[in-house]
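When we follow my numbering, the leftmost residue of the sequence shown carries the number 542, and every step to the right adds one.
Encoded as C-alpha cells, the structure appears first; notes follow it.
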Amino acid sequence: MIHIPIIYEDNHLLVVEKPVNVPVQEDASGDDDLLSILKRDLKIRYDKPGNVYLGLVHRLDRPVGGVMVFAKTSKAASRLSDQIRRNAMEKYYLTIVHGEMEKDRGRLENYLVKDRKKNEVYVVGKSNKYGKEAVLEYEEKEQEAGFSLLEIDLHTGRPHQIRVQLSHHGCPIFGDQKYGQDVNHPGQQIALWSHRLVLTHPTKKEDMTFTSHPPEEYPWSIWPSYTEKK
Numbered sequence: 542m543i544h545i546p547i548i549y550e551d552n553h554l555l556v557v558e559k560p561v562n563v564p565v566q567e568d569a570s571g572d573d574d575l576l577s578i579l580k581r582d583l584k585i586r587y588d589k590p591g592n593v594y595l596g597l598v599h600r601l602d603r604p605v606g607g608v609m610v611f612a613k614t615s616k617a618a619s620r621l622s623d624q625i626r627r628n629a630m631e632k633y634y635l636t637i638v639h640g641e642m643e644k645d646r647g648r649l650e651n652y653l654v655k656d657r658k659k660n661e662v663y664v665v666g667k668s669n670k671y672g673k674e675a676v677l678e679y680e681e682k683e684q685e686a687g688f689s690l691l692e693i694d695l696h697t698g699r700p701h702q703i704r705v706q707l708s709h710h711g712c713p714i715f716g717d718q719k720y721g722q723d724v725n726h727p728g729q730q731i732a733l734w735s736h737r738l739v740l741t742h743p744t745k746k747e748d749m750t751f752t753s754h755p756p757e758e759y760p761w762s763i764w765p766s767y768t769e770k771k
C-alpha cells in the first residue's frame, strides 16, 4: 500500500505530497496511480457510496515528487483550472543540475514539441508551427561538488518542460535519464521536486501556500537545510 502524505484538506481542496515514481493518473504501465489511490482513500475515510469525485487540475512527471493540489468539487476544479490558465497559480520547484547556469538568475524562453510515440520533448525554433511556448525563471540557491541547486518558478506547464529547458541550456538535471543520459547513470533518481504551490482558495478567495521538501537522500543531502526532516 502506497502512503500518500496529506498536506491540507477541506471540503474543496486536497493537497498531498506525491511520491516519486508513481504516475499521476492511469497509464499504459498499469501501475497504481495517485488519482485512483486518493479516490479510494476518500471513499473509505468518508464512507462514500458510488464513485468519488476528485478533479485533476495539474500534473507532475512520473519520476517527480512533491506538492500537488486536487479539487474535491467540480466548482473548485473549474476555478483552479482557471487560475492555471491565467498563470495565477504559482508553481515552484527545486532541482539539482550538473554544472552551473550562465547567470545566477534568469528567464528561459523556448518553444517545445512533443513526440508522443517516443514520449520525448524537443526544443524547436519559434517559427515551428507545432512549437508551444515554454517559460520559466530560475534562481541559483547553492553550488557545490559540480552541482547547482536551483529554484524554478514555472510560468507554463509544458510536458517535461523544466527537464528539457535546463538540458538545452547546458545543465541537465541529476538523475534524468531521458534528457541527461550523457552525465547520468541508470538507477539514479531524478532530482526534481515540486516544492511550493501558491493559489487562491476557490471559495474563500484567500491566498494559500503549500510546501513540500525533498527527501534526505543524495544528492539532496548535499544541502540538508532544504530537505524534509523526518
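For each residue, glycine too, the CB sits at the ideal point set by N, CA and C.
Expressed to the nearest angstrom, what Euclidean distance is found between the alpha-carbon atoms of Val662 and Glu567?
Walking along the sequence shown from the start, residue 662 turns up at place 121. Walking along the sequence shown from the start, residue 567 turns up at place 26. Looking at the two C-alpha atoms, the distance is approximately 21 Å.
For Val593, which of helix, strand or coil comes out of DSSP?
Mapped onto the sequence shown, residue 593 falls at position 52. In this structure, Val593 counts as coil in the three-state DSSP scheme.
Buried or exposed, going by whether 16 or more other CB atoms sit within 10 Å of the CB of Thr750?
Locating residue 750 in the sequence shown gives position 209, counting from the first residue. It is exposed - the Cβ of Thr750 has fewer than 16 other Cβ atoms within 10 Å.
Do Gly640 and Cys712 count as a contact pair if the criterion is CB distance below 9 Å?
To locate residue 712, count along the sequence shown from 1; it is residue 171. To locate residue 640, count along the sequence shown from 1; it is residue 99. Their beta carbons are under 9 Å apart, which means Cys712 touches Gly640 by this criterion.
Can you give me the C-alpha to C-alpha distance between Gly685 and Tyr587, rounded to a whole angstrom?
Position 144 of the sequence shown holds residue 685. Position 46 of the sequence shown holds residue 587. Residue identity check: residue 685 is Glu in the sequence provided, not Gly. Cα to Cα, the separation comes out at about 47 Å.
Please name the residue, chosen from Leu677, Tyr594, Ile585, Ile548, that lies closest to Leu635 on a Cα-to-Cα basis.
Counting from 1 along the sequence shown, the entry for residue 635 is found at position 94. Among Leu677, Tyr594, Ile585, Ile548, the Cα nearest to that of Leu635 belongs to Leu677.
Check whether the segment 604-622 touches the segment 724-741, taking contact to mean three or more Cβ pairs, one atom from each stretch, closer than 8 Å.
yes
Following the continuous beta strand (DSSP E) through Lys673, name the residue where it begins and the one where it ends.
As a working note, residue 673 is residue 132 in the sequence shown. Where Lys673 is concerned, the enclosing beta strand (DSSP E) stretches over 673-685.
For Trp764, does the three-state DSSP call read helix, strand or coil?
Looking up residue 764 in the sequence shown gives position 223. DSSP places Trp764 in coil when its eight states are reduced to three.
So what does DSSP say about Lys746, is it helix, strand or coil?
Stepping through the sequence shown from its first residue, residue 746 is reached at position 205. Lys746 falls in the coil class under three-state DSSP.
Pop quiz: Glu683 and Glu692 are said to be a contact at Cβ under 8 Å. What is the actual Cβ separation, rounded to whole angstroms?
The sequence position of residue 683 within the sequence shown is 142, counting from 1. The sequence position of residue 692 within the sequence shown is 151, counting from 1. Actually they are not in contact, since the Cβ atoms of Glu683 and Glu692 sit about 10 Å apart, beyond 8 Å.
Here's the rule I'm using: 16 or more other beta-carbon atoms within 10 Å means buried, otherwise exposed. How should Lys667 be labelled?
Taking the first residue of the sequence shown as position 1, residue 667 is located at position 126. Counting Cβ neighbours within 10 Å, Lys667 comes out exposed, since fewer than 16 surround it.
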